[in-house]
Amino acid sequence: MKYYFYALIVFILDQVSKWFITKRIPLGEERSVIGDFFIITSHRNRGAAFGILQDQRWFFIVITTIVVIGIIWYIRKTIREGKVLLSTALGLLLGGALGNFIDRALFGEVVDFLQFTFDFSLFGKAIYYIYPIFNLADSAIVIGVILIFLESILAWRKEKKGATHEHKSDLV
């Protein structure tokens with residue numbers, strides 16, 4: 000149950016932060032947090048990550064419904080298998096997916112507000128990049144995907160190590 004609790008915490012934090020942004024910061028307004036590097040920007044996104052697939056609301060609702068069902072099924076499976084890291088990752092994915100799903104289903108758009116601008120010099124070359132604006136649900140999804148990738152690497156290493164031990168015992 001704790002993995003569903005993680006999803007619930009992500010969902011609540013995401014929805015509360017989006018509510019706060021919509022009520023306190025007018026659309027398009029920016030508020031500096033750390034100079035020009037980190038800015039809270041009231042923004043709406045009718046598409047997916049990086050603004051792709053704009054105005055495809057029903058597509059996202061259908062796909063997200065399928066994904067959420069799949070995540071719930073897979074969480075149950077990973078819990079039975081005792082895969083703590085993978086279950087945690089899936090809980091984060093579930094909370095993030097539901098947070099953005101609710102926005103799309105109810106309002107036809109997702110509230111984004113976290114903006115980072117990278118402006119520095121690297122080996123004498125000027126770097127200026129504004130990362131696409133995102134929200135807490137997006138952050139949870141990215142962290143969940145990173146944890147799934149980490150779990151995959153750890154499982155692969157364990158599998159490889161087990162295969163090496165089996166191979167050595169076959170030689171004896």
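Following numbering that gives the first Met the number 0, the numbering of the sequence shown begins with 0 at its first residue and continues without gaps. The beta-carbon is built from N, C-alpha and C at its ideal position, and this holds for glycine as well. Since the structure is predicted, the reported quantities are computational estimates derived from the model, not experimental observations.
Could you tell me which residues DSSP pairs with Ile-38 in its beta bridges?
Against the sequence shown, residue 38 aligns to sequence position 39. Residue pairing by DSSP puts Ile-38 in a beta bridge opposite Ser-31, Gln-114.
Flag this pair as yes or no: are the beta carbons of Arg-56 and Gly-123 separated by less than 8 Å?
Mapped onto the sequence shown, residue 56 falls at position 57. Mapped onto the sequence shown, residue 123 falls at position 124. Cβ atoms of Arg-56 and Gly-123: not closer than 8 Å.
Mind listing, in chain order, the continuous alpha helix (DSSP H) runs of no fewer than 4 residues lying wholly within the region 81-133?
Every alpha helix (DSSP H) stretch that sits fully inside the region 81-133 and reaches 4 residues is listed by chain position as 83-106.
Can you list, in chain order, the residues of its chain whose CB lies under 7 Å from that of Ala-88, leaving out five sequence neighbours each side?
Position 89 of the sequence shown holds residue 88. Excluding sequence positions up to five before and after Ala-88, its CB lies within less than 7 Å of the CB of Gly-143, Leu-146, Ile-147, Glu-150, all in the same chain and listed in chain order.
Terminal residues of the continuous alpha helix (DSSP H) containing Ala-47?
One-based indexing of the sequence shown puts residue 47 at position 48. Annotation: Ala-47 is outside any alpha helix (DSSP H) and is labelled neither H nor E by DSSP.
Where the alpha helix (DSSP H) through Gln-14 begins and ends:
In the sequence shown, residue 14 corresponds to position 15, counting from 1. Start and end: 1-23.
Short of 6 Å in beta carbon distance, which residues of its chain neighbour Asp-13, apart from the five on each side in sequence? Order them along the chain.
Translated into positions along the sequence shown, residue 13 becomes position 14. In its chain, beyond the 5 residues on either side, Gly-98, Leu-135, Ala-136 have a beta carbon closer than 6 Å to the beta carbon of Asp-13.
Any contact of the region 110-122 with the region 27-40, i.e. 3+ C-beta pairs under 8 Å?
Result yes; three or more Cβ-Cβ pairs closer than 8 Å.
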